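Peer 1: Structure provided below as structure tokens; questions to follow.
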Amino acid sequence: MASLRPVVTSVRNGVQHRWSSTLIPTTREAPNDAEVPSHVLLHRAGFIRQVGAGIYDYLPLGHRVINKVAAIVREEMDAAGATEMLMPALEPFELFEGTKRDEAYGDNLFRLKDRKGRLNALAPTHEEVITQLMVGSLTSYKQLPLNIYQIQTKFRDEARPRAGLLRCREFLMKDAYSFHLTVEGPGGLNDTYDAMYRAYTNIFTRCGLDFSAVEAESGPIGGSASHEFMVNCASGEDTVLKCPASGYAANVEKCEIGVRPAPSKGYFVGEPSGALEEVHTPGCPGIDDVCVFMKVKPQHMLKSVLFRATGTPEETAKFGHEYILAVVRGDHDVNEGKVKALSGCTSIAMADPAEAIAKGFAIGFVSPRAAVGKKGVLLLVDRDAATAVDDASGKAKFWVTGGDKKDHHVKHFNWQRDLGKDPLAAGHEGANAGGLRGGDAAMMVGDVRNALAGDPSPRAAGATLVTGRGIEVGHIFKLGTKYSQAMGLSVLTPQQKKETVIMGCYGIGVSRTMAACVEMSHDEFGIVWPVALAPYHVLIVLMKHDDARQREATARLADGLSAAGVDVLIDDRDERPGVKFKDADLIGIPLRITIGDKALEQGGVEYKSRRDTGKGEVIALDAIVEKCVTTLNAK
RNA sequence: CAGGGUGUAGCUCAGCUUGGUAGAGCGUCUGGUUUGGGUCCAGAAGGCCGCAGGUUCAAAUCCUGUCACCCUGACCA
15 MASLRPVVTS VRNGVQHRWS STLIPTTREA PNDAEVPSHV LLHRAGFIRQ VGAGIYDYLP
75 LGHRVINKVA AIVREEMDAA GATEMLMPAL EPFELFEGTK RDEAYGDNLF RLKDRKGRLN
135 ALAPTHEEVI TQLMVGSLTS YKQLPLNIYQ IQTKFRDEAR PRAGLLRCRE FLMKDAYSFH
195 LTVEGPGGLN DTYDAMYRAY TNIFTRCGLD FSAVEAESGP IGGSASHEFM VNCASGEDTV
255 LKCPASGYAA NVEKCEIGVR PAPSKGYFVG EPSGALEEVH TPGCPGIDDV CVFMKVKPQH
315 MLKSVLFRAT GTPEETAKFG HEYILAVVRG DHDVNEGKVK ALSGCTSIAM ADPAEAIAKG
375 FAIGFVSPRA AVGKKGVLLL VDRDAATAVD DASGKAKFWV TGGDKKDHHV KHFNWQRDLG
435 KDPLAAGHEG ANAGGLRGGD AAMMVGDVRN ALAGDPSPRA AGATLVTGRG IEVGHIFKLG
495 TKYSQAMGLS VLTPQQKKET VIMGCYGIGV SRTMAACVEM SHDEFGIVWP VALAPYHVLI
555 VLMKHDDARQ REATARLADG LSAAGVDVLI DDRDERPGVK FKDADLIGIP LRITIGDKAL
615 EQGGVEYKSR RDTGKGEVIA LDAIVEKCVT TLNAK
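Residue numbers (our numbering): 15 to 649.
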């Protein structure tokens, strides 16, 4: 039985797989609930199948792509000094209670009871688990810094899974956690954060993706600084803003706005555009409804959004206000992070409508006047809303805003005449000491809206921001001590003092990266994989699967390619040529070699790149391996 | 969570308004034909009409409930 003895080799060959021996269920039509290109194409090309809402099978082709992404991630993480481990997806629920993330995540956290009735969670991410592990493992500064990662399935009970692999309830993620004694200096958090930034740049570059690194909010994970890595793609669900002059880039939640020139006459100063007039606007609580009903443009409306301070009673008392009313122009969006920053209140949420109505706010019809004469209401006015003169036309600014009673709006609102107090009054006290106009301590002017294309850049004078769309595939955070503090992770310093460990965390959506790549790189015929992520490098299309000469040429070619480290898929199906070519375009392997009588008569085979149109070129059999390797390496 | 939509063959869908024993195309299987961009012909298999209840002599069809999935928003390391 010598022939059955396993052959052990250290030579790294590419694989040779046969279409007829694997599962590649291509379809002519996609299921009707697939809408985005990546979902349609990954389904049609036989990479994925839906199992439930936000839950997918990764078929052999899909799995190979996932593994290629993961391999690149591993190489770059390892090269950056991180080491891999594996944590469980199933965790005792108490872990999340300890850090209050059961509340922070809310319904997004999968909960399940075991047979003993104990509550467990399916992990959406692993800060608690790894911090607990470190509490039992780290004792000395000598063990730091440390950067540990894993590639593992994550669970999030998304309110609305959508867009195929782009927003799933179960997905594959690489998450890394780093531990430090200091932020600055050698071995500090900043060192590792920068190393991860470089590693991520390497990873997504090697994947062949067109991406941007942008400044971001850190979200419920908490922490101080954060960057998102976004695949640039018109169909992306996130908006990013960039300054072409300085290279500054940020997502819309984070993006600062440069200096916006103040109105020529000053904030709030100017004559009314007409007599204040009440308009009956039945059933029109929204800006869009009112604009249609009253035939005004959104930029002539004042939008007032009510927030409530949600800190502890002590925190709210210290803050001094219970509600915050943010006013922006009707065509602008309130930015919650900027409301927090300007107000100085760190925990706020949209006010509960019922509660707000009970407090006298006519939700849906609120104007800035609603903040006047009530106790504990801070009024924040965006710079673009705090004007009374339209500098472009030189005329009085025409404002429509809420009537502060149900189903009514007012027009010709003027800040000085109609606010109910003098917005120019002196007395800049406390939180309002920023020097901007804004009446008393309960009123401020500043930046509380999302940045838009055309806004001044915050990093380069004279430059304006441009917008693009992106798909988030990576996110790095400086966590600080949020988890180490809560869970008691500390080490002894050289001075023999206990010091709380400083942490960072670094995520990559592995399965989402596959989908983002398809979103970015496809055409009307199918997927166009970059070489690095393609499930196979070369597809050999065997025209006559039972022709001896063609089979022999195919075998020789496949051996040559795989020996050179090239992954080969052989389409050996008994199908008509048209079917095979259509499927070849659909699954998007970078290089296609057709073996048929036509080219063989000339002693060659037909060679075609997926990106090229047309029929391809005939290459001599003894030159084709080198041609493929050269082309693949050049990409 | 709010609003909207869809559940009929592996996939795309028709049939439902007006109740009468289940249809097409694609795919699959068989035989023939064809053989370089989703051939052509003939035949076959394949359905708890999402599930439960109700109305009726009779329900894919009407009514009630329920579940699932999708879209828009809210939400979202």
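The C-beta atom is built at its ideal place from N, Cα and C for all residues, glycine as well.
This structure is a prediction, so every number in the text was calculated from the model and none was measured.
Exposed or buried, A648, counting other C-beta atoms within 10 Å across all chains shown (16 or more means buried)?
Peer 2: Within the first sequence, numbered from 1, the residue matching residue 648 stands at position 634. Its Cβ having fewer than 16 others within 10 Å, A648 is exposed.
Peer 1: Looking only at its chain, what residues have a beta carbon closer than 8 Å to the beta carbon of E513, apart from the 5 residues adjacent to it on each side?
Peer 2: Here residue 513 is taken as the residue at index 499 of the first sequence, counted from 1. These residues qualify, in order along the chain: Y155, L195, S504, V505, L506, T507.
Peer 1: Could you give the residue range of the beta strand (DSSP E) that holds L393?
Peer 2: For the purposes of this step, residue 393 is taken as residue 379 along the first sequence, with counting starting at 1. Looking at the DSSP string, the run of the beta strand (DSSP E) that includes L393 is 391 to 396.
Peer 1: Indicate the three-state DSSP secondary structure (helix, strand or coil) for G441 in the structure shown.
Peer 2: For the purposes of this step, residue 441 is identified with residue 427 of the first sequence, where counting begins at 1. With a pLDDT of only 41 at G441, under the threshold of 50, the placement of this residue in the model should not be trusted; the figure read from the coordinates follows. Reduced to three states, the DSSP call for G441 is coil.
Peer 1: Under the rule that 16 or more other beta-carbon atoms within 10 Å means buried, what is S535, buried or exposed?
Peer 2: Residue 535 sits at position 521 when you count from the first residue of the first sequence. S535 is buried by the Cβ-count criterion.
Peer 1: State the DSSP-derived secondary structure class of M99, mapped to helix, strand or coil.
Peer 2: If you number the first sequence from 1, residue 99 lands on position 85. Three-state result, M99: coil.
Peer 1: Would you decide whether D396 is buried or exposed? Buried here means 16 or more other CB atoms lie within 10 Å of its CB.
Peer 2: If you number the first sequence from 1, residue 396 lands on position 382. The residue is buried, with at least 16 neighbouring Cβ atoms inside 10 Å.
Peer 1: Which first and last residues belong to the beta strand (DSSP E) in which R63 is found?
Peer 2: Taking the first residue of the first sequence as 1, we reach residue 63 at position 49. Start and end: 62 to 66.
Peer 1: For T495, I'd like the list of residues in its chain whose CB is within less than 8 Å of its CB, leaving aside the five on either flank, ordered along the chain.
Peer 2: Indexing the first sequence from 1 puts residue 495 at position 481. T514, V515, I516, M517, listed in sequence order.
Peer 1: Would you kindly work out how many angstroms separate the C-alpha atoms of L479 and S471, rounded to a whole number?
Peer 2: Here residue 479 is taken as the residue at index 465 of the first sequence, counted from 1. Here residue 471 is taken as the residue at index 457 of the first sequence, counted from 1. Distance between the alpha carbons of L479 and S471 is about 5 Å.
Peer 1: Less than 7 Å between the C-beta atoms of S318 and E533, yes or no?
Peer 2: As a first step, residue 318 is located in the first sequence; it is residue number 304 there, counting from the start. As a first step, residue 533 is located in the first sequence; it is residue number 519 there, counting from the start. No, these two residues do not count as a Cβ contact at 7 Å.
Peer 1: Mark S192 as exposed unless 16 or more other C-beta atoms lie within 10 angstroms of its C-beta, in which case mark it buried.
Peer 2: Locating residue 192 in the first sequence gives position 178, where the first residue counts as 1. Buried.
Peer 1: Considering only their Cβ atoms, is the gap separating D345 from P312 smaller than 7 Å?
Peer 2: Here residue 312 is taken as the residue at index 298 of the first sequence, counted from 1. Here residue 345 is taken as the residue at index 331 of the first sequence, counted from 1. Cβ atoms of P312 and D345: closer than 7 Å.
Peer 1: Could you check the C-alpha separation between R483 and F61 for me, to the nearest Å?
Peer 2: Counted from its first residue, the first sequence places residue 483 at position 469. Counted from its first residue, the first sequence places residue 61 at position 47. Computed Cα separation, rounded: 25 Å.
Peer 1: Verify whether the separation of the beta carbon atoms of P138 and G201 is less than 7 Å.
Peer 2: Stepping through the first sequence from its first residue, residue 138 is reached at position 124. Stepping through the first sequence from its first residue, residue 201 is reached at position 187. No.
Peer 1: Keeping to the same chain, check which residues put their C-beta closer than 6 Å to that of G390; ignore five residues upstream and five downstream.
Peer 2: Your numbering for residue 390 matches position 376 in the first sequence. Same-chain partners within the cutoff: H335, E336.
Peer 1: Evaluate G434 with the Cβ neighbour count: other Cβ atoms within 10 Å of its Cβ, from every protein chain shown; 16 or more gives buried, anything less gives exposed.
Peer 2: One-based indexing of the first sequence puts residue 434 at position 420. It is exposed - the Cβ of G434 has fewer than 16 other Cβ atoms within 10 Å.
Peer 1: Give the DSSP bridge partners of T415, in chain order.
Peer 2: Stepping through the first sequence from its first residue, residue 415 is reached at position 401. Partner(s): V424.
Peer 1: Can you grab the Cα-Cα spacing for the pair I522 / V487, in whole Å?
Peer 2: Reading the first sequence from its first residue, position 508 is the one you call residue 522. Reading the first sequence from its first residue, position 473 is the one you call residue 487. Straight-line Cα distance between these residues: approximately 6 Å.
Peer 1: I'd like the span of the beta strand (DSSP E) that includes N265, first residue to last.
Peer 2: As a working note, residue 265 is residue 251 in the first sequence. Taken as a continuous stretch (DSSP letters only), the beta strand (DSSP E) holding N265 covers 263 to 265.
Peer 1: From R274 to A399, what distance separates their C-alpha atoms?
Peer 2: As a working note, residue 274 is residue 260 in the first sequence. As a working note, residue 399 is residue 385 in the first sequence. Roughly 12 Å separates the two Cα atoms.
Peer 1: Around the C-beta of A577, are 16 or more other C-beta atoms found within 10 angstroms, so that it is buried, or is it exposed?
Peer 2: As a first step, residue 577 must be located in the first sequence, where it is residue number 563. Under this definition A577 is an exposed residue.
Peer 1: Check this for me: beta carbons of L635 and G618, under 7 Å apart or not?
Peer 2: Indexing the first sequence from 1 puts residue 635 at position 621. Indexing the first sequence from 1 puts residue 618 at position 604. Yes; because the gap between Cβ atoms is below 7 Å, this pair is in contact.
Peer 1: In this structure, what does DSSP give as the bridge partners for R483?
Peer 2: Counting from one through the first sequence, the residue named residue 483 turns up at place 469. BP columns for R483 point to T253.
Peer 1: To which residues does DSSP link A239 through a beta bridge?
Peer 2: On the first sequence, residue 239 is found 225 positions in, with the first residue counted as 1. Partner(s): K492.
Peer 1: Since V580 and V643 should fall inside the 8 Å C-beta cutoff, what is the C-beta to C-beta distance between them, to a whole number of angstroms?
Peer 2: Taking the first residue of the first sequence as 1, we reach residue 580 at position 566. Taking the first residue of the first sequence as 1, we reach residue 643 at position 629. Correct: roughly 7 Å between the Cβ atoms.
Peer 1: For C182, name the three-state secondary structure that DSSP assigns.
Peer 2: Position 168 of the first sequence holds residue 182. If DSSP states are grouped into helix, strand and coil, C182 belongs with coil.
Peer 1: Going by DSSP, what residue range makes up the beta strand (DSSP E) through H294?
Peer 2: The residue labelled residue 294 in the question sits at position 280 within the first sequence. Note, H294: beta strand (DSSP E), 291 to 294.
Peer 1: Return the chain-ordered ranges of every alpha helix (DSSP H) run that is complete within the stretch 499 to 540 and spans a minimum of 4 residues.
Peer 2: With a minimum length of 4 residues, the continuous alpha helix (DSSP H) runs that stay inside the stretch 499 to 540 are 524 to 534.
Peer 1: Fully enclosed by the stretch 84 to 155, which beta strand (DSSP E) runs are 3 residues long or longer?
Peer 2: Those beta strand (DSSP E) runs which fall completely within the stretch 84 to 155 and span 3+ residues are 104 to 106, 124 to 127, 133 to 136.
Peer 1: Less than 7 Å between the beta carbons of M187 and H140, yes or no?
Peer 2: Counting from one through the first sequence, the residue named residue 187 turns up at place 173. Counting from one through the first sequence, the residue named residue 140 turns up at place 126. It is not a contact, given that the beta carbons lie outside the stated cut-off.
Peer 1: Between which two residues does the alpha helix (DSSP H) harbouring I371 extend?
Peer 2: To locate residue 371, count along the first sequence from 1; it is residue 357. Note, I371: alpha helix (DSSP H), 367 to 372.
Peer 1: According to DSSP, is H194 part of a helix, a strand, or is it coil?
Peer 2: Within the first sequence, the letter at position 180 stands for residue 194. Residue state, collapsed to three classes: strand.
Peer 1: According to DSSP, is P51 part of a helix, a strand, or is it coil?
Peer 2: Indexing the first sequence from 1 puts residue 51 at position 37. Residue state, collapsed to three classes: helix.
Peer 1: By DSSP, does A447 sit in helix, in strand, or in coil?
Peer 2: If you number the first sequence from 1, residue 447 lands on position 433. Note that A447 scores a pLDDT of 40, beneath 50, so its modelled location is shaky; the value from the coordinates is reported in the next line. Correct three-state label for A447: coil.
Peer 1: Flag this pair as yes or no: are the beta carbons of A465 and I271 separated by less than 7 Å?
Peer 2: Position 451 of the first sequence, counted from the first residue, corresponds to residue 465. Position 257 of the first sequence, counted from the first residue, corresponds to residue 271. Closer than 7 Å, so yes.
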